[in-house]
Each structure stands twice: as structure tokens, then as C-alpha cells.
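Working notes, structure below.
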Amino acid sequence: MTTLESPTAVGSGNAATDKFRGARFTADTSPERLSAIATEALAGLSALIQKHAVTYPEYRVLKQWLIDVGEGGEWPLLLDVFVEHEIEEVNSRNFQGTKGSIEGPYYVPGAPELPARCTLPMREEDRAHTALVLRGQVTDLEGTGLGGATLELWHADDEGYYSQFAPHLPEWNLRGTVVTDAEGRYEITTIQPAPYKIPTDGPTGRFIESAGWHPWRPAHLHLRVTSPGKQPIITQLYFAGGDWIDDDVATATKPELLLDPRLDETGRKVVTYDFALDPAAD
Numbered sequence: 001m002t003t004l005e006s007p008t009a010v011g012s013g014n015a016a017t018d019k020f021r022g023a024r025f026t027a028d029t030s031p032e033r034l035s036a037i038a039t040e041a042l043a044g045l046s047a048l049i050q051k052h053a054v055t056y057p058e059y060r061v062l063k064q065w066l067i068d069v070g071e072g073g074e075w076p077l078l079l080d081v082f083v084e085h086e087i088e089e090v091n092s093r094n095f096q097g098t099k100g101s102i103e104g105p106y107y108v109p110g111a112p113e114l115p116a117r118c119t120l121p122m123r124e125e126d127r128a129h130t131a132l133v134l135r136g137q138v139t140d141l142e143g144t145g146l147g148g149a150t151l152e153l154w155h156a157d158d159e160g161y162y163s164q165f166a167p168h169l170p171e172w173n174l175r176g177t178v179v180t181d182a183e184g185r186y187e188i189t190t191i192q193p194a195p196y197k198i199p200t201d202g203p204t205g206r207f208i209e210s211a212g213w214h215p216w217r218p219a220h221l222h223l224r225v226t227s228p229g230k231q232p233i234i235t236q237l238y239f240a241g242g243d244w245i246d247d248d249v250a251t252a253t254k255p256e257l258l259l260d261p262r263l264d265e266t267g268r269k270v271v272t273y274d275f276a277l278d279p280a281a282d
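Under UniProt numbering, the first residue of the sequence shown carries the number 1, and numbering increases by one thereafter.
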């Protein structure tokens, strides 16, 4: 059941926080490593305070803003926009396969399973837009097709809204888990998403406005590509020539991730993109 309510920062933020909190992540971090990271982080913050002579009024504003971020459920949004691209870069250094990118705050596991050739769940009004067909093959580094690999695909609609984070959209709108055929091939029909502003009516938006920055992300498709014994790929695919490609607020675009769809004889936008997976890390 859907409503006509517009999504808000607090609504999207709390939804992202609730979904993330439910996973209860852990990390095998030794006390020595934690101490080293925390010591350097605090030393860097101390150096910044000294360099810019941060005042008490500025410090109190910071404390209030941090409280507001937590109460608004916006920590997943803030960290995924301004921090995750650095984490992704560090963790991808040793891999040779397809380039990764940030996951972002809008991933939801358990999207409906779909066959290798499929159409993502969508509303009738979505079907009125020009179809986008993403096809290709999932392989290992030697080019051998990986049958039964999965591509989890999710993206915003033509107004920039994600299902499960905008209450007027059906639960699994423009989300699916696609299983490749015996040769690792897939063909997914969907629509091209729109660029969108990250939620700006909460503390993250106020921070961006106060700093004189912009809140825009270029249009993109999110993917998680997995196969047994292989290193998963989490990435985003963008559209060549699109708005904000060179000025993404999340600093997540890469030249290797640009798509350039062409119209086929039926008027659909069609593009091919292959994924090469590394062996699973030890």
C-alpha cells in the first residue's frame, strides 16, 4: 500500500538507521589497532582546532549539530556521503576486477529474486518512461562466465526517490536480485534514474548549506555482484555527460563506471557492462 506523502530527511534518515542497526556489525580490531586509529584521529582533530582557532560558540554549535544528526537518524547518510568513498578506495587497492564505488545508505537486502533476463518491479507510471536495458556478463578475472552469480540492483526513480525510503513508493520498486544464466549473462530492463539531492531538510542539509556546498548526486545505478568463491563487488554505474558527474557531493564517480546507452530499433536505451570478480580475499 502506498501513500502520497513526500519523503523527509528525518523519515529517510531513521529508515536508513533502523536498517543498518538491525545488522549489528562487528570487526576483528585489536585494542592496539583501535588505540592507534583513535589516537591519530584525535590528534588530527586537535591540530585542526589549533590551526583554525575554533571558538567556544563554534564548539557548542558542533555539539548541538552532532546531537541533531543522531536524533534525525542521519549518521548513515552523513558518513556514506562524506566518508565512505575513502573507505572504499582503501579496501579496493588490492583487487584487479571491476571498479567499486560506495554502497550508500539506501541498500536493502532481500530484494525479489529474478531470472537472468528480467524487468525490475516498477509502477505503471515508471513504465511510461523510456526503458533502460542493462546487459552483460559476470566473469572471473580470466573471462570465464560465472553462472548463478547474483546482481542486486537498486536505484532511484525518475524523481530521485528510493523505495523503502519514500513512503509513496511500493516496497520493492526498482529493486531486484538477478541470477545470471549458465554463462554468467544477464539482461535487466528498468528505467534511467534521475539525479537527486540528498535530503536537505535535516542537519546534514543545514551543514551543506552553511558550508556553501551543493547537495546533488548524479544519476546512478547501485549494484552488488556476488558469486561463490569470489570477492563481492559493490559499485555504482553513472551516465556519461550527465549532470554532477564531475562534481558529485559524495565524491564517488569514476571514469570506469560511466555508461553511454544507445537507442535500439524499439526506442529503448541499451548498454552493455561486464563485471569481472576477483578471487575471494583470505
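Quick reminder that beta carbons are idealized off the backbone N, C-alpha and C, glycines included.
query: To which residues of the same chain is R135 closer than 6 Å at the C-beta, ignoring the five residues directly before and after it?; result: E187, T272
query: By alpha-carbon positions, which one of S210, G229, D157, D181 ends up nearest to P195?; result: D157
query: Answer with buried or exposed for A281, where buried requires no fewer than 16 other C-beta atoms within 10 angstroms of its C-beta.; result: exposed
query: If we count Cβ pairs, one from each stretch, closer than 8 Å, do we get three or more for the segment 88–97 versus the segment 206–215?; result: no
query: Report buried or exposed for A128, applying the criterion of at least 16 other Cβ atoms within 10 angstroms of its Cβ.; result: exposed
query: Is the distance from the Cβ of L277 to the Cβ of I233 below 8 Å?; result: yes
query: Under 8 Å by Cβ, that's how I've got E183 and Q137 pegged, so tell me the actual separation to the nearest angstrom.; result: 7 Å
query: Determine the direct distance from the alpha carbon of D243 to that of residue 292, and round the result to whole angstroms.; result: Beyond the ends of the chain as shown, which are 1 and 282, falls residue 292; an answer cannot be given.
query: Which word fits H52, buried or exposed, when buried means at least 16 other C-beta atoms lie within 10 angstroms of its C-beta?; result: exposed
query: From the DSSP secondary-structure annotation, give me the bridge partner or partners of I234.; result: R224
query: Please state the DSSP three-state secondary structure of A116.; result: coil
query: Beta-carbon within less than 6 Å of E125's beta-carbon, same chain only, minus the 5 sequence neighbours each way: which residues are those?; result: none
query: Roughly how many whole angstroms lie between the Cα atoms of T266 and S35?; result: 60 Å
query: Apart from the five residues just before and just after D274, which ones in its own chain have a Cβ nearer than 6 Å to its Cβ?; result: G136, Q137
query: Give the straight-line distance between the Cα atoms of G229 and S46, rounded to the nearest whole angstrom.; result: 44 Å
query: Report the rounded CA-to-CA distance for P193 versus S210, giving the unit in angstroms.; result: 28 Å
query: For W216, which residues does DSSP report across the bridge?; result: K197
query: Pull up the distance between the alpha-carbon of T55 and that of K63, whole angstroms please.; result: 13 Å
query: Considering only their Cβ atoms, is the gap separating A240 from V178 smaller than 8 Å?; result: no
query: Please report the distance separating the alpha-carbon of T251 from that of Y107.; result: 18 Å
query: Please name the residue, chosen from T139, H168, T98, that lies closest to G147 on a Cα-to-Cα basis.; result: T139
query: Out of P170, T144, G145, L174, point me to the one whose CA is closest to L153's CA.; result: L174
query: Which runs of the alpha helix (DSSP H) spanning at least 4 residues fall entirely within the segment 53–125, listed in chain order?; result: 56–71, 75–82, 84–91
query: Could you tell me which uninterrupted beta strand (DSSP E) segments, each at least 3 residues in length, are contained entirely in the UniProt domain "Intradiol ring-cleavage dioxygenases" (134–162), listed from first to last along the chain?; result: 150–154
query: Tell me the rounded alpha-carbon separation between residue 284 and K269.; result: Beyond the ends of the chain as shown, which are 1 and 282, falls residue 284; an answer cannot be given.
query: Under the three-state reduction of DSSP, which class applies to R185: helix, strand or coil?; result: strand
query: Within 10 angstroms of its Cβ, does Y59 collect 16 or more other Cβ (buried), or is it exposed?; result: exposed
query: So, at 7 Å on beta carbons, what are the nonlocal neighbours of P109 in its own chain, with the 5 sequence-adjacent residues on each side left out?; result: none
query: Return the residue from the list R93, L78, E159 that minimises the CA-CA distance to R206.; result: L78
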